[in-house]
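For the first sequence, the working numbering assigns the number 12 to the initial residue and increments by one for each residue that follows.
Quick notes on the structure that follows.
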Amino acid sequence: MTRRYDPSEFEPRWVQVWEEEGLYRASEDPADARPRFYALDMYPYPSGDLHMGHAEAFSGGDVVARFRMLQGNNVLHPVGWDAFGLNAENAAIKRGADPKIWTYANIEQQAASFKRMGMSFDWSRRLASSDPEFYRWTQWLFLRFFERGLAYRKNAPVNWCPKDQTVLANEQVIDGRCERCGTPVERRDLTQWFFKITDYAQRLLDDMDELTAWPERVITMQRNWIGRSEGAEVTFTIQETGEEITIFTTRPDTLWGVTFFVFAVEHPAVRRLAELAGTWDAVRPLVDEVRATSLVERDAVDTTKGVSLGVHAVNPVNGEAVPCFVAPYVLMEYGTGAIMAVPAHDQRDFEFARAHDLPIKIVIEPAGEGVDPETMTEALPHEGRMVNSGPFDGEGSPASIAAVTAWLETEGRGSAATHFRLRDWLLSRQRYWGAPIPIVHCPSCGEVAVPDDQLPVLLPDDVDFQPGGESPLARHPTWKHVACPSCGGEAERDTDTMDTFVDSSWYYFRYCSPGYGDGPFRPEDVERWMPVGQYTGGVEHAILHLLYSRFFTKVLHDMGMVSFVEPFPRLMNQGQVIYDGASMSKTKGNIVEPMPIVERWGADTMRLVMLFAGPFEDDIDWKLIESPPDRRPGVTSWLGRVFTAVGDAVERGGAAEPEALRRLRHRTVKGVTEDLERFRFNTAISKLMVLTNEIRSALDAGDGALAAAEVLVQLLAPFAPFAAEELWRVELGSAASVHTSAWPSFDRTAASEDTVTLVVQVDGKVRAKAEVPATLDEEGALEIARGADGVRRALDGREVVKEIVRAPKLVNFVTRH
RNA sequence: GCCCGGGUGGCGUAAUCGGCAGCCGCAUCGCUCUUAAAAAGCGAGGGUCUCAGGACCGUGUGGGUUCGAAUCCCACCCCGGGCACCA
Numbered sequence: 012m013t014r015r016y017d018p019s020e021f022e023p024r025w026v027q028v029w030e031e032e033g034l035y036r037a038s039e040d041p042a043d044a045r046p047r048f049y050a051l052d053m054y055p056y057p058s059g060d061l062h063m064g065h066a067e068a069f070s071g072g073d074v075v076a077r078f079r080m081l082q083g084n085n086v087l088h089p090v091g092w093d094a095f096g097l098n099a100e101n102a103a104i105k106r107g108a109d110p111k112i113w114t115y116a117n118i119e120q121q122a123a124s125f126k127r128m129g130m131s132f133d134w135s136r137r138l139a140s141s142d143p144e145f146y147r148w149t150q151w152l153f154l155r156f157f158e159r160g161l162a163y164r165k166n167a168p169v170n171w172c173p174k175d176q177t178v179l180a181n182e183q184v185i186d187g188r189c190e191r192c193g194t195p196v197e198r199r200d201l202t203q204w205f206f207k208i209t210d211y212a213q214r215l216l217d218d219m220d221e222l223t224a225w226p227e228r229v230i231t232m233q234r235n236w237i238g239r240s241e242g243a244e245v246t247f248t249i250q251e252t253g254e255e256i257t258i259f260t261t262r263p264d265t266l267w268g269v270t271f272f273v274f275a276v277e278h279p280a281v282r283r284l285a286e287l288a289g290t291w292d293a294v295r296p297l298v299d300e301v302r303a304t305s306l307v308e309r310d311a312v313d314t315t316k317g318v319s320l321g322v323h324a325v326n327p328v329n330g331e332a333v334p335c336f337v338a339p340y341v342l343m344e345y346g347t348g349a350i351m352a353v354p355a356h357d358q359r360d361f362e363f364a365r366a367h368d369l370p371i372k373i374v375i376e377p378a379g380e381g382v383d384p385e386t387m388t389e390a391l392p393h394e395g396r397m398v399n400s401g402p403f404d405g406e407g408s409p410a411s412i413a414a415v416t417a418w419l420e421t422e423g424r425g426s427a428a429t430h431f432r433l434r435d436w437l438l439s440r441q442r443y444w445g446a447p448i449p450i451v452h453c454p455s456c457g458e459v460a461v462p463d464d465q466l467p468v469l470l471p472d473d474v475d476f477q478p479g480g481e482s483p484l485a486r487h488p489t490w491k492h493v494a495c496p497s498c499g500g501e502a503e504r505d506t507d508t509m510d511t512f513v514d515s516s517w518y519y520f521r522y523c524s525p526g527y528g529d530g531p532f533r534p535e536d537v538e539r540w541m542p543v544g545q546y547t548g549g550v551e552h553a554i555l556h557l558l559y560s561r562f563f564t565k566v567l568h569d570m571g572m573v574s575f576v577e578p579f580p581r582l583m584n585q586g587q588v589i590y591d592g593a594s595m596s597k598t599k600g601n602i603v604e605p606m607p608i609v610e611r612w613g614a615d616t617m618r619l620v621m622l623f624a625g626p627f628e629d630d631i632d633w634k635l636i637e638s639p640p641d642r643r644p645g646v647t648s649w650l651g652r653v654f655t656a657v658g659d660a661v662e663r664g665g666a667a668e669p670e671a672l673r674r675l676r677h678r679t680v681k682g683v684t685e686d687l688e689r690f691r692f693n694t695a696i697s698k699l700m701v702l703t704n705e706i707r708s709a710l711d712a713g714d715g716a717l718a719a720a721e722v723l724v725q726l727l728a729p730f731a732p733f734a735a736e737e738l739w740r741v742e743l744g745s746a747a748s749v750h751t752s753a754w755p756s757f758d759r760t761a762a763s764e765d766t767v768t769l770v771v772q773v774d775g776k777v778r779a780k781a782e783v784p785a786t787l788d789e790e791g792a793l794e795i796a797r798g799a800d801g802v803r804r805a806l807d808g809r810e811v812v813k814e815i816v817r818a819p820k821l822v823n824f825v826t827r828h
């Protein structure tokens, strides 16, 4: 008798059996000759239970892991939690909960949900970044960066809420106001820790060659983020003082078009020059205003804003003295904090010049007639023939950039230079729930590293979370007071904690050596498993997490701890799960949760709904694919038909398999294998449905379909692991798991089509079709085409002037009419 | 503004070395079974017209290349994402 499909009966059972059998434990047995494969999912953030985004991402990652396992790999598929972070601390502030208890409770819930979903994790390697035995090594790594000069302190602005007396993360600033109390946020300068990622800017670009299977857009996003610009640094001289000010430009060929000069408000020379020129009273309000503007509001600055400094800068290429200004449109963070302004060829400079009635000088003539600077309404493109440019008159631009740069160098007026948009990574957070920065500030010794044997610097448990004043660690009565590790005198701990991105920059190394006590990981373990075979996660981490992880890996490489320079050569991004065009959120009240679906219809259904909805990398709009709560989802009905079909095929036993089914079986193995290699889960599932339908037809016709049923169950295993296991072990009677069976192979000849459809067109329109042998030659195709009914009719009274023959698939008669 | 994606039935999608547009599903409609419903099963379906053979139209819009275009080229419209005073 065939069985009704009832996942609630067998899914929980297999969760338990798999755990008892240790089915998904990666093997460290040296005798295990299978190739190793590291299937990694971005570790989740434990706020609440799993959401739809997790269901989507981890379903895809699990398919990859299971597919590799079935293909005979020794698979490492670990899981852990990105457990530090602001959510836990906010929960503590809001409901007086302990962040640790809140976090670990969520982790337990997510872990249980993952198990119920049938994720093939190796639970023995589970970790949480808030575990002291994990953050001990986060701190250890920080100290290695510190020793190498890659971690340093400097002044940097933060978002500050004057009412709550606290630092806010950028996400906590909504429309320039504190999300909690609505007070306008201010900018404050604090001394903070940075990682010197800018030292690695060029390598982060160069090593992109090794990212062999990254989505192109992620590479582009990182490239834009790093923002390499080539150009020249040119030194101007302040006429009134003789001091030299260097600027950076990507267009040194426009140097002859400079008509004024602009400083960023933060430029160190501004105050001195303004006081000297007697303009400080006019300059100061602008400087104060910009410095008080919150970081978030600094977008969209008015290009016309700025004040005169009252001094002049001498252009080194022609000796002209041009007026200097201070303006917010020039950034201290990029280039040198001062610019040469070429209003004729730069839109911002143009707008500023118009607003301040400054001259505009064209130095690159566009093709066609001349342009009058008086009547220009926007900056001209900097492409064309150079004019008014001294020795370079008549040269082409931008072709002359290299020549101009070389000339500047020989004249001693400048040099080639490269600048990056990338800035150093600000890693300190004035927050409680993170890894404490293991530094002690000593009045006599300065910044002193906590010795390795005193790690971890543990977070204290008894902390007041209410906002106000300094960060919770700074307010703790005793925690920060320690003896200086160097001189033994009274000293204070650094009270900042690390950005959670520090934890996530190295957690994947730790999976290779769970429990290792002599370092963050055992180098031999990492060499065995890494680089990661396939990394899966959301595109929201396209820049920060992935860039930081690449940076960490390069530093570890330079420390001699790993041999490779890229941790994740292959990356797969899933799309987002949204609802009715908008992201799901509590405030919108449109959250759909995966676990109720798992409870009602089974984990296999939840996985299949996600994977069949569309291409993995595309967003899923749940509104468009959801079925009413009490209606069986389509994929569930399909699993029901699979159960019936497999049961019937077993009952039918060894009856002969029809040739058409045999061929389809091989074609399906080929197709699904190829689809899985390219993460095309939706088309793979579609092919499995086709095979199911064909098996059912064969059985209806009284034929046998046992071989096809077996193949179907195996191919189903990565997508619907429970149903496949139940059918494999119970219906098909195997003692061992389907998940350790060998992925079926296919016969190339059998997988090819034996007949094809010959399409006959007249003037490009289909007039007849015929089933023909795949081996049909041109003559044969023509003969069949000429004889076809619809063709004869369409050709009636027309003269065929050309015959296009693509045997065996197509014949096109072209007529004169 | 610049840089990427994308636009195909009522819906999710499939088909891109140019060669049958709409595979596989969802929803819908009809039928079978049933006292009934559910479940299950079978069947229909891009649009318009139709002497019921078929004809014409159809992959965002308009052009182009080609025997032949969802696919290639040009221009434009719309949607999504990234970057954005980066000198």
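Each residue gets a CB set at the ideal place from its N, CA and C atoms; glycine is no exception.
Taken atom to atom, the span from the alpha-carbon of residue 124 to that of residue 457 is near 48 Å. Judged by DSSP in its simplified three-state form, residue 207 adopts coil rather than helix or strand. The beta carbon of residue 624 sits closer than 8 Å to the beta carbons of 631, 636, 693 from its chain, once the five residues preceding and following it are set aside; these are given in chain order. In the DSSP assignment, the residues bridged to residue 271 are 352. Nearest C-alpha to residue 32 among 788, 666, 747: 747.
Note on geometry: alpha-carbon atoms of residue 354 and residue 371 lie some 6 Å from one another. Residue 483 and residue 436 have their C-alpha atoms spaced approximately 23 Å apart.
Among the bridge pairs identified by DSSP, residue 259 is matched with 244. Distance from the CA atom of residue 710 to the CA atom of residue 20, rounded to whole angstroms, is 27 Å. Taking 9 Å as the cut-off, the Cβ atoms of residue 505 and residue 171 do not count as close. In its chain, beyond the 5 residues on either side, 200, 201, 202, 203 have a beta carbon closer than 8 Å to the beta carbon of residue 166. DSSP places residue 90 outside both helix and strand once states are collapsed to three, so it counts as coil. Membership of residue 171 in the beta strand (DSSP E) is indicated by the continuous run 162-172. For residue 332, the uninterrupted beta strand (DSSP E) segment begins and ends at 332-337. In this structure, the beta-carbon distance from residue 582 to residue 68 does not fall below 9 Å.
Secondary structure note for residue 655: its alpha helix (DSSP H) is the uninterrupted segment 645-663. DSSP, reduced to helix, strand and coil, places residue 778 within a strand of the structure shown. For residue 821, the enclosing beta strand (DSSP E) stretches over residues 821-827.
In the structure shown, residue 62 adopts coil according to DSSP, grouped into three states. Contact holds between the stretch 63-81 and the stretch 605-617, because three or more Cβ pairs, one in each stretch, are under 8 Å apart. Non-local C-beta neighbours of residue 563 in its own chain, meaning closer than 7 Å and more than five positions away in sequence, comprise 516, 517, ordered along the chain. For residue 369, the secondary structure class from DSSP, reduced to helix, strand or coil, is coil. Secondary structure note for residue 703: its alpha helix (DSSP H) is the uninterrupted segment 692-711. Beta-bridge pairing by DSSP links residue 632 to 589. Under the rule that a run must span 4 or more residues, the alpha helix (DSSP H) segments found entirely inside the stretch 474-554 read 483-486, 511-515, 518-521, 534-540.
The Cβ atoms of residue 52 and residue 120 do not sit closer than 9 Å to each other.
Residue 414 places its beta carbon less than 9 Å from that of residue 406. Within its own chain, the residues whose Cβ lies closer than 7 Å to the Cβ of residue 230, once the five positions on either side in sequence are excluded, are 219, 222, listed in chain order. In this structure residue 363 does not touch residue 290 by the C-beta definition: roughly 17 Å separates them, more than the 8 Å allowed. Residue 49: member of the beta strand (DSSP E) spanning 47-52, first to last residue. Ranked by Cα distance from residue 555, the options 402, 38, 511 are led by 511. In this structure, DSSP gives residue 402 a helical state, which the three-state scheme calls helix. Remark: C-beta atoms of residue 141 and residue 444 approach each other more closely than 9 Å.
Residue pairing by DSSP puts residue 431 in a beta bridge opposite 239. Taking the Cβ atoms as the reference, residue 212 lies roughly 6 Å from residue 237, within the contact range of under 8 Å. The beta carbon of residue 638 sits closer than 6 Å to those of 644, all from its chain and outside the five residues before and after it, given in chain order.
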